[in-house]
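Residue numbers for the sequence shown follow the numbering used here, so the first one is 12 and each next one is one higher.
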Amino acid sequence: MKTIHTGDKNFNALWEQGFRAIPGATPMYSPATREYDHEIFSTQLKSDDSFVVLSASGETAAVVPLYCFRDEEGALEYRYGREYVRAPIINVSSGLKNYKKIQKFIFEYIEGLAHKKRVRAHKAVVEGVELLEGRHYYNYMTDFGYIDESSICQLIDSTSDPRDLWSNVRKSYKSLINKAAKTHTFESISTDNYNFNKCEQYRNLHFRASGKQTRSTESFHLMYKMIEDGRAFMILVNDKDIGPVSAHLFYHSNGYSLYASSAVDPRLPLDAGIGHLAVWQGLLTARSMGIRYLDMGQLRIDSEMTAKEMKIALFKKGFGGKTVTVFRGTKYFKSE
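Quick look at the structure:
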């Protein structure tokens, strides 16, 4: 098997090929997200060691995200900022025997890279859809010496009838959504009605919420480019008196969507229901686009979670769907 790394002139085309062909390639594997990652991590990312694996016929058999950062102690780790980097995804059409062969090759190759570059650990996460769609029923990374650190996420089947989707929304959230809808309007901004100035409301709201610009302007522009190119959509909520009050970004590709981020006017009361209205409309927008699953993101539920983390987890679970195990693992490599 042959590996192609980021410095190769064919890397981007081969990654795109794999992203389009391999089942389970969620938005976090998209070339657009990779470009965005490079911008938001521009001062932290030590190297991008991501690679593709080619089959004997020259087709992309697997894509492997591999970002290298320094941890709190200064040691190098493969991860995603402070989180887990997405695990390798492999084309299942190659058959089970060949699939296992490719899988073994990938994890041995990662370990070889880690030794060569003095990387201490690899922290990887398998998307929840892998379990839900039956490609992985257990944390296969433990077969390769990874410590099981699995979590959960909330996945909503957005193909359901709108009445069924509404029936699964938490009762108290229905009241908040109806309340917000009386005094606010919303619009879904996508590739079909892309408008740069409306997208800029996200950056304006982000600045208002934080009191300063915490990210580069280019990072926001890359978000807007995702919308323009059909890799994301935004729900913009407007107050009838003061204008835009919240913006919510959803990545989407290959039938999957991810609730990625939001910016909300801090002047709004906590019980305004703006975020609830936006997520509900985001779910309906995903349905109208033919998206199968909306991923509300991972939920941190443990004995050490903060009040804020508990509130976020409660919010994400309030729109129905299934609570699905997210396989995560860390491998600490032995120093040579």
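Using N, Cα and C, we set each Cβ at its ideal position, and we do this for glycine too.
Model, not experiment: these values are computed from the prediction.
Where residue i falls: helix, strand or coil (DSSP)
| i | result |
| --- | --- |
| Tyr235 | helix |
| Lys57 | coil |
| Arg131 | strand |
| Gln114 | helix |
| Asn179 | coil |
| Lys193 | helix |
| Ala220 | helix |
| Lys328 | helix |
| Phe244 | strand |
7 angstroms CB neighbourhood of residue i in its chain, flanking five on each side removed
| i | result |
| --- | --- |
| Ile285 | Ala191, His195, Val248, Val256, Ser257, Val275 and Leu279 |
| Lys327 | Gln165, Met307, Gly308 and Leu310 |
| Lys209 | Ile200 and Leu247 |
| Tyr110 | Ile101 and Val103 |
| Asp175 | none |
| Asn150 | Asp159, Ser161, Phe338 and Gly340 |
| Ala283 | Ala191 |
Other residues of its chain near residue i: CB distance less than 6 angstroms, five sequence neighbours each side excluded
| i | result |
| --- | --- |
| Glu27 | Pro42 |
| Pro277 | Ala220 |
| Ala132 | Glu88, Thr341 and Tyr343 |
| Asn265 | Ala36 |
Residues bridged to residue i (per DSSP)
| i | result |
| --- | --- |
| Phe62 | His16 and Val75 |
| Gln165 | Thr334 |
| Arg81 | Leu87 |
| Ser199 | Ile246 |
| Val136 | Arg97 and Arg339 |
| Pro255 | Asn249 |
Beta-carbon contacts of residue i that lie in its chain and below 8 angstroms, excluding the five residues immediately before and after
| i | result |
| --- | --- |
| Leu124 | Asp60, Leu77 and Val130 |
Can you list, in chain order, the stretches of the beta strand (DSSP E) that have 3 or more residues and sit fully within the segment 257-325? 267-275 and 304-310
Okay, do the segment 70-90 and the segment 105-124 touch, 3+ Cβ pairs below 8 angstroms being the bar? yes
Assess, as a yes-or-no matter, whether the segment 322-338 is touched by the segment 196-215 under the definition of 3 or more beta carbon pairs within less than 8 angstroms. no
Do three or more CB pairs link the segment 155-163 to the segment 50-67 at distances below 8 angstroms? no
Touch check for the segment 220-231 and the segment 15-22: three-plus C-beta pairs under 8 angstroms? no
Should the segment 296-305 be called in touch with the segment 257-273, which here means at least 3 C-beta pairs below 8 angstroms? yes
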